[in-house]
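Quick notes on the structure that follows.
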Amino acid sequence: MGRLYYFYTPSASTLSKLRKIFLHEYMLVFLFCLAAIQGPAFSLMDNYDQSANADCQTYMGLAKLDFDQSPVRRYRPIVPMAASVVYHTLGRAFNKLQPGSFPGDFALAFSFLLINSILLSIWGVLIYRFCKDYGIATVPALIALLVMLTCRWTPYIAGTALVDSLYCIVVTLSLLAIVEKNTAFTLWAIFLGPFAKESFIFIAPVLFFFSHMPKPKLFLYFIISGILVFAFRYLYDHYAGFPADSGLQADLYHFSYVKGNLHKLFSFHGVYDILSNPGLWLLAPVAAFLLLPSYKTVLRQGMEWYMFFFMISILVHMLLSGYLERMFYLTMPLLCMMTGLAIDEGRKQYLALKK
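Residues 68 to 422, numbered by our numbering, are exactly what the sequence shown covers, in order.
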């Protein structure tokens, strides 16, 4: 028994490496996000009929290698292919977890939940890092993350067969690339963005003009990325037997949403839908703005021109989307940062009064 115990006991060096991995700041934030997301996402998945959602059906079809899908969504392969790998590897095991009343293919739905929960948890780490870049202390930055984690769209995106999770990562990588002057993040955003969602074309100008990288080199990277994505779309349409311009025509159709979304944007219901993203967390920056003069100073110092143009690009996303409020969800890094600054300034004021 002693030998058996020794055989299964990790060495000191292995334990040291495991501690370094699992006790790393970003790993702890990732696990915190994953724990917060998974429960509500599973509950939504268990009670939501994805067969009635055209978006979900497209991505589930791609995961099953059925490429005869909507020209609006079929060129976003990364999340469906990742879910497909999980599905074909662990699908039988997942089926043993299936609730009795679940509608549809539980193993596939659970594969998407797993991938999207992981991606949104990575997004949470990036938002946390973004908050820290603006000088927010650790605890206020973690509390600020709850703006994203408790948003009504988070369990929806994690618990259904959607690809928004990857696009959220790409958008935040673009912001971090600008703030940190991070070349690796810039390249990840440029080459991953067009495959995450076509609307990356509206984030690309912000990244291009505010990036630290030399513009000729940046222009070359964008050209290469464009060639890759258009080659992929051409080959997809060619081998699937679709007209070469079908995807472009479908993308242009989104301009028909502008009039209706403008009307909704200036309606009470539209404003409510948008503000429901931060929900009551919005009270934190509002209260800090009204009650803490130092918050105004910190906020003014933190505001940069790239944020203004980023918000314009998000407005374009909203006007061209069938889900105006879902596109506003992409502003979570800024919403979390503003909330984190408010909480941090409130903490400082409280500690000053205690002295």
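Cβ coordinates follow ideal geometry from the N, Cα and C atoms, glycine included.
- Restricted to the segment 250-311, not a single beta strand (DSSP E) segment is unbroken, complete and at least 3 residues in length.
- CA-to-CA, the gap between Ser232 and Lys421 works out to about 42 Å.
- Counting along the chain, Gln316 sits inside the alpha helix (DSSP H) bounded by residues Ser313 to Leu319.
- When secondary structure is reduced to three states using DSSP, Gln124 falls in the helix class.
- Taking Phe376 as reference, the option from Pro147, Ser80, Gly128 and Leu274 with the minimal CA-CA separation is Leu274.
- Below 8 Å, too few C-beta pairs join the segment 189-200 and the segment 142-159 to call them touching: fewer than three.
- Scanning the segment 120-186 from its first residue to its last, the whole alpha helix (DSSP H) runs of 4-plus residues come out as 121-130 and 145-162.
- DSSP places Pro222 within a helical segment (H, G or I) once states are collapsed to three.
- Residue burial is scored here from C-beta neighbours: Trp372 has fewer than 16 other C-beta atoms within 10 angstroms and is therefore classed as exposed.
- Membership of Pro400 in the alpha helix (DSSP H) is indicated by the continuous run Met399 to Lys421.
- In its chain, beyond the 5 residues on either side, Tyr324, Val325, Asn328, Leu329 and Leu332 have a beta carbon closer than 8 Å to the beta carbon of Leu386.
- As summarised for the segment 325-366, there are no continuous beta strand (DSSP E) elements at least 3 residues long confined to that stretch.
- Assignment of Met378 by DSSP, reduced to helix, strand and coil, places it in the helix class.
- The distance from the Cβ of Asp122 to that of Leu229 is about 6 Å, consistent with a contact at the 8 Å cut-off.
- Residues Lys248 of the same chain have their beta carbon placed closer than 6 Å to that of His279, with the five preceding and five following residues left out of the count.
- In this structure, the CA atom of Leu101 is about 23 Å from the CA atom of Met405.
- Nearest C-alpha to Met148 among Phe297, Trp220 and Phe179: Phe179.
- Around the beta carbon of Asp133, fewer than 16 other beta carbons sit within 10 angstroms, so the residue counts as exposed.
- With contacts defined by Cβ atoms closer than 8 Å, Thr227 and Tyr115 form a contacting pair.
- Spatial neighbours of Pro138 in its own chain (CB-CB distance under 6 Å, excluding positions within 5 residues in sequence) are listed in chain order as Ser313, Gly314 and Ala317.
- By the Cβ rule, the segment 355-374 does not count as touching the segment 209-223, because fewer than three pairs are nearer than 8 Å.
- The Cβ atoms of Arg393 and Lys264 do not sit closer than 8 Å to each other.
- Proximity to Ala298 across Pro261, Met215 and Pro281 peaks at Pro261, based on C-alpha coordinates.
- The alpha carbon of Phe177 has as its nearest neighbour, out of Gln416, Asp113 and His305, the alpha carbon of Asp113.
- By the 16-neighbour rule on beta-carbons within 10 angstroms, Asn344 is buried.
- It is roughly 29 Å from the alpha-carbon of Ala103 to the alpha-carbon of Arg140.
- The three-state secondary structure of Ala204, taken from DSSP, is coil.
- Between the alpha carbons of Phe97 and Thr253 lies a distance of about 22 Å.
- For Tyr288, same chain residues with a beta-carbon under 7 Å away, outside a window of 5 residues either side, are Leu254 and Ile257 in chain order.
- Take Arg219, set aside five residues on each side of it, and the residues of its chain with a beta-carbon closer than 7 Å to its own are Ser343, in chain order.
- Annotation: Thr227 is outside any alpha helix (DSSP H) and is labelled neither H nor E by DSSP.
- Distance between Tyr234 and Tyr362, taken at the CA atoms: about 31 Å.
- For Ser151, the closest of Lys131, Phe169, Gln136 and Gly167 by C-alpha to C-alpha distance is Lys131.
- A Cβ-Cβ separation of about 7 Å places Val146 in contact with Tyr126 under the 8 Å criterion.
- If you draw a straight line from the Cα of Gly171 to the Cα of Phe267, it comes to about 32 Å.
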